[in-house]
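Single-structure report; data block below.
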DNA sequence: AGGTTCAAGTTTTACGTATAACGTCGAGGG
DNA sequence: CCCTCGACGTTATACGTAAAACTTGAACCT
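Chains as they are written, first to last, in full-length UniProt numbering: chain A, 1 to 346; chain B, 1 to 346.
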């Protein structure tokens, strides 16, 4: 009705248009729409305003509100790569909590992969209230802090995050559970297929594997590094398994499920069977883990809950509260890829 | 240096602060920062402004700019579920093109799954210039149009998108390639594990499978519907395969790779081997496809390129240009899960 | 009657930017 | 010598909202 036949675009209505339609001032509209009208505007008037707003299809202009309030209710989530199910889960959880508080989440998938983000963040294209950064290297954190925005780190070295709040999974416990499981089955010689990229999240795994295994005398851990692709893991595993001798590994501990898939393929090419000849373990519990045969023994990371906790922590920081930061428990999921080691041929 | 020891927050500098520092007016700063100063400001002055901006760490206030310009350089991407690698790829491609044009992308992962999005979009928390919507039901499209925002549909019925530009993959050709491949191998009786959710993207598959198979007399297609989970696909496949008789299927055509994984498991439980007893095909070419044994014959969807094309189309619409809309070619990837059918026991 | 209080609004201002419209000064032309 | 014109800026304004400060009129108290 308003912008009749003048040919121009139907021009989004503003609070002033609503005010005109309801016969009140713009301020009254703002009060009503913001639910701050109790005791300031008569109930009947408020209703008139709401009706007018509905009829005009009024939607507040976010840019104007953001400018006025000096905040945007938008957080940036920095993740290494969204095509990794784990991070997709983190996003999902974070976005869920954010939505509950009327926050939006914009993503920054660091093109350089895990732990490598450092180039300019797209704060350019989004005004932000805070940053949630996942699995990042310490120097990248410093760059982030430069923005002066509230920052919460996910899955990062608490010591290296320079005072930023940190929310973590209990990865160390996960590796401990895996290693204990394998030790209990009787394994003593481990091959660790580790990520070639160094970062806290992977260093923790290596450290804890070594420490846990060392609790029993006579154990050995051989480490080989691989890029986080199936092909590279395959090659790395093949190389490592071709050696033999007294300490030939019987269990392959992989830094994530994708690497474990590479180990499966390597074993198959060498004519070896899992778990009869080798036990294999993963980390993350992606959908891969139940797709392969035998299904993979792995550690389930509660990705969505992790994202939820991270966003909750960021919101807490934004409100001046102290975030909860004790690590989230993880769970060993025993499937068909682990079994007692073969008896050594005498 | 600016806000010395007054105890208050270090307050982000504005263009006015820069102006003061450089001894010019705020307007001059705006001209210089916007690269519109040629012929209006002396080169030396411009340099002085830039230096001042750098020293103060000036970053333009996006909210103010958005308000002034009436646009936000932000697009909304609606996807069914981000934990699906395909959509993660679409996002990645879309975000890449967007970034190239200084656009941001905010996500709306529809909680209801493929084709079901319809609840209020979080335009609430983000001011948007346009919407890119993927794999949505027609009624949801109508709801979207209600916002009055420029809209580009991905992977949707061109007829049902009510005039919105549509960018598609050539899914029909993909199914044609699969079916031809199986027919050539000698298969005549198909089991189609179809998505229980009805939407254009899946209906196309069913239609084209039927049409292609029908070109040869004596072919049969049995269809069973399943939710898009491995477990459900497993159950559906088991049910369907227990029947036998003259037209017992020898090839299982699945609507996506995840369903195919279910078929693998069903076969394994029934003591049947792939591809000796059954050929199985998927759709999407997710990482699952090469993780399973045997590796899966499937159709590769260029997810990232699809996202790129979609965002490019949206940008074209925003600039008043006509977007490119011919379907993106897809490619059959033949792996170990397909082989000639077993000879019928006489 | 005079004062106080309260409901129910309104008027005004500020947020930071981009840009249209306006000045000013010196050089060059007629 | 006046006038125009280009170079180099500046001043003023608008975008739409939220909220502080102000106004008005009636009810109530003493």
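Positions of the beta carbon are idealized from the N, C-alpha and C atoms, including for glycine.
Taking 9 Å as the cut-off, the Cβ atoms of residue 283 of chain B and residue 251 of chain B do not count as close. Contact residues of the stretch 227 to 256 of chain B toward chain A are 230 (C-beta to C-beta distance below 7 Å). Taking a beta-carbon distance threshold of 9 Å, residue 89 of chain A counts as an interface residue toward chain B. For the stretch 299 to 338 of chain B, the continuous alpha helix (DSSP H) assignments of 4+ residues that do not extend past its boundaries occur at 303 to 318, in sequence order.
Cβ contact annotation for residue 229 of chain A (same chain, cutoff 8 Å, sequence separation greater than five): 258 and 262, in chain order.
Here the stretch 195 to 202 of chain A makes contact with the stretch 153 to 172 of chain A; the two share three or more CB pairs at distances below 8 Å.
Annotation for residue 153 of chain A: the continuous beta strand (DSSP E) segment containing it runs 151 to 154. Residue range 230 to 242 is occupied by the alpha helix (DSSP H) that includes residue 242 of chain A.
For residue 36 of chain B, not one C-beta of chain A is nearer than 9 Å to its own C-beta. If you compare the alpha carbons of B/71, B/179 and B/12 with that of residue 12 of chain A, the shortest gap goes to B/71.
For residue 297 of chain A, same chain residues with a beta-carbon under 6 Å away, outside a window of 5 residues either side, are 281, 334, 335, 337 and 338 in chain order. Straight through space, the alpha carbons of residue 170 of chain B and residue 102 of chain B are spaced by roughly 29 Å.
The residue from B/236, B/42, B/271 and B/241 with its alpha-carbon nearest to that of residue 189 of chain B is B/241.
Here residue 158 of chain A carries a helix assignment [DSSP, helix/strand/coil].
Residue 193 of chain B and residue 264 of chain B have their C-alpha atoms roughly 12 Å apart. Counting the other CB atoms within 10 Å of its CB gives residue 309 of chain B a total of 16 or more, which places it among the buried residues.
Taking a beta-carbon distance threshold of 9 Å, residue 287 of chain A counts as an interface residue toward chain B.
For residue 58 of chain A, the nearest beta carbon of chain B is not closer than 9 Å to its own beta carbon.
The closest CA to that of residue 307 of chain A, considering only A/186, A/268 and A/79, is found on A/79. Closer than 7 Å at the C-beta level to chain B, one finds these residues of the stretch 67 to 79 of chain A: 67, 72, 73 and 74.
Residue 288 of chain B sits close to residue 287 of chain A, with the two beta carbons spaced by under 9 Å.
By DSSP's assignment, residue 132 of chain B forms a beta bridge with B/77 and B/152. The alpha-carbon separation between residue 39 of chain B and residue 52 of chain B amounts to approximately 21 Å. According to DSSP, residue pairing for residue 106 of chain A in a beta bridge involves A/76 and B/106. Sixteen is the threshold: when 16 or more other Cβ atoms of the shown chains lie within 10 Å of the Cβ of residue 128 of chain B, as they do, the residue is buried.
In the three-state reduction of the DSSP assignment, residue 225 of chain B falls in the strand class, which pools E and B.
Given a length threshold of 4 residues, each whole run of the alpha helix (DSSP H) inside the stretch 253 to 304 of chain A is given here in chain order: 257 to 269 and 288 to 291. Residue 225 of chain B places its beta carbon less than 9 Å from that of residue 195 of chain B.
Residues 224 of the same chain have their beta carbon placed closer than 8 Å to that of residue 239 of chain B, with the five preceding and five following residues left out of the count. Taking a Cβ-Cβ cut-off of 8 Å, residue 275 of chain B has no neighbours in chain A, whose nearest Cβ is about 15 Å from it. Going by DSSP, residue 166 of chain B is part of no alpha helix (DSSP H) but of the beta strand (DSSP E) stretching over 165 to 167. Sequence-distant partners of residue 58 of chain A (beyond 5 residues in either direction) whose C-beta falls short of 6 Å from its own C-beta, in its chain, are 13 and 18.
The alpha carbon of residue 285 of chain B has as its nearest neighbour, out of B/82, B/331, B/318 and B/187, the alpha carbon of B/331. The beta-carbon of residue 290 of chain B is placed less than 9 Å from the nearest beta-carbon of chain A. The residue from B/181, B/149 and B/140 with its alpha-carbon nearest to that of residue 161 of chain B is B/140. Counting other Cβ atoms within 10 Å of its Cβ, residue 148 of chain B stays below 16 and is therefore classed as exposed.
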